[in-house]
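Only one structure is covered here, and it is reproduced in the block below.
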Amino acid sequence: MSRKKTSKSKTGTVPAASVLPSANGARPVRPGPEAPPNGPHQPGRLSLGGGGDFYDIAFKVMLVGDSGVGKTCLLVRFKDGAFLAGTFISTVGIDFRNKVLDVDGMKVKLQIWDTAGQERFRSVTHAYYRDAHALLLLYDVTNKASFDNIQAWLTEIQEYAQDDVVLMLLGNKVDSAQERVVKREDGEKLAKEYGLPYMETSAKTGINIELAFTAIAKELKQRITKAPNEPHFRLHDYVKRQGRGPSCCLS
Ligand SMILES: Nc1nc2c(ncn2[C@@H]2O[C@H](COP(=O)(O)OP(=O)(O)OP(=O)(O)O)[C@@H](O)[C@H]2O)c(=O)[nH]1
Ligand SMILES: [Mg+2]
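Going by the numbering used here, the sequence shown opens with residue 7, and the numbers climb by one from there.
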């Protein structure tokens with residue numbers, strides 16, 4: 007497989023390109039809000055521009071959930087290994103960052119879209135669902151309303167996202183043990199009800215963040231590169247096996 011290069015600019019307020027292959031390898035990339043003016047490019051044939059890291063395959067991942075659950079912090083932790091403490095600056099519209107992961111010897115680029123959780127930006131976000139290969143749906147374990155809203159988010163996802171989108175539920179801010187109001191079992195129960203893989207994360211300590219994205223990358227990679235004799239990657243099992251409890255990593 008030929009290697010492509012990521013864009014020099016790895017962040018921006020407008021998603022860079024619709025040059026990514028479809029999640030199942032067969033779905034055509036359709037012109038969306040991120041498409042170049044002259045229409046979409048053929049999957050697997052185009053680089054995103056100048057210098058940067060090489061990659062073999064690329065996917066779009068979207069972070070969704072109520073405002074304040076920690077989507078931006080989760081992305082910054084994953085991309086830069088840092089935590090945005092202090093004043094909460096709510097995301098306006100949509101933003102994205104790129105990161106290339108090494109997955110079983112293959113360079114997998116994730117273009118991660120950080121959406122605004124505020125209701126007033128919902129119509130902007132809707133337009134981006136259809137091109138997402140994976141969605142990380144977050145709630146805040148210290149905020150019951152954000153947990154109660156998960157069902158509404160799932161309804162929205164069902165309406166706007168592709169049927170085969172990879173979806174994972176994340177309970178964030180597990181470092182805040184004192185303030186926790188949503189028990190781990192409740193998160194697990196809800197995830198089970200909807201057949202979703204589930205993990206508890208903390209953008210503050212970094213627990214399970216890398217794992218969540220790696221799991222998504224492995225699942226997506228397998229969908230288009232799995233050899234017939236290769237063992238099937240099972241996202242649920244992987245997350246269960248690799249996920250760590252919050253008690254191990256409190257800062
Ligand atoms: N203790 C703790 N605080 C967190 C964590 N993640 C985020 N926060 C805090 O929660 C607040 C909101 O975080 P953001 O990442 O901006 O939330 P968001 O989901 O992007 O919000 P919108 O952009 O409005 O949709 C900030 O004050 C963060 O510092 C975490 O894992 N632990
Ligand atoms: Mg944000």
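We put the beta carbon where it would ideally sit given N, CA and C, even for glycine. All values reported here derive from a predicted model rather than from experimental measurement.
Among R103, K179 and K77, which one has its Cα closest to the Cα of A64?
-> R103
With DSSP collapsed to three states, give me the class of S96.
-> coil
Rounded C-alpha distance that separates L160 from P234 | 32 Å
Does the stretch 187-195 come close enough to the stretch 213-227 that 3 or more CB-CB pairs lie under 8 Å?
-> no
Just mark S96 as buried or exposed, buried being the case when its beta carbon has 16 or more other beta carbons within 10 Å.
-> exposed
By how many angstroms is the C-alpha of T121 removed from the C-alpha of V245?
-> 24 Å
Three or more C-beta pairs closer than 8 Å, one from the stretch 104-116 and one from the stretch 141-155: is that the case here?
-> no
Hey, which unbroken runs of the alpha helix (DSSP H) at 4 residues or more fall wholly within the stretch 66-124?
-> 77-86
Same chain only: Cβ atoms within 7 Å of G31, ignoring 5 sequence neighbours per side = Here G31 scores only 39 on pLDDT, less than 50, and its place in the model should not be relied on; the value that follows carries that caveat. Result list for G31: R229 and I230, in chain order.
Thinking C-beta only, is K66 closer than 8 Å to H139?
-> yes
With distances taken from CA atoms, which of H238, R186 and D170 is nearest L202?
-> D170
Where R247 falls, given that 16 or more other Cβ within 10 Å makes a residue buried | exposed
Could you tell me the distance, in whole angstroms, from the CA atom of C79 to the CA atom of A209?
-> 6 Å
8 Å contact criterion, which K105 and L116 should meet: CB distance rounded = 5 Å
From Q184, G71 and K227, pick the residue whose C-alpha is nearest to that of M174; which is it?
-> G71
At which residue ranges does the stretch 122-196 contain complete beta strand (DSSP E) runs of 3 or more residues, listed in the order of the chain?
-> 140-146 and 172-178
Apart from the five residues just before and just after E216, which ones in its own chain have a Cβ nearer than 8 Å to its Cβ?
-> F84
Which stretch, first to last residue, makes up the alpha helix (DSSP H) that contains Y225?
-> Note that residue 225 corresponds to Glu in the displayed sequence, not to Tyr. Element bounds for E225: I215 to T231.
Looking only at its own chain, which residues have a Cβ that is under 7 Å from the Cβ of H242, when we skip the five neighbours before and after it?
-> P203
For D86 and F127, the rounded distance between their alpha carbons = 26 Å
Does at least one heavy atom of ligand 1 sit under 7 Å from the Cβ of A158?
-> no
Where does G45 fall in DSSP's three states?
-> At G45 the pLDDT is 30, less than 50, meaning the model places this residue with poor confidence and gives no usable figure here.
Using 10 angstroms around the beta-carbon of E206, count the other beta-carbons present and answer buried if the total reaches 16, otherwise exposed.
-> buried
State yes or no: is the C-beta of K179 within less than 8 Å of the C-beta of T148?
-> yes
Please name the residue in E165, Q157, E236 and I118 whose C-alpha comes closest to that of S129.
-> E165
Please report the Cβ distance between R136 and A167, rounded to the nearest whole angstrom; I am assuming they are in contact, meaning their Cβ atoms lie under 8 Å.
-> 7 Å
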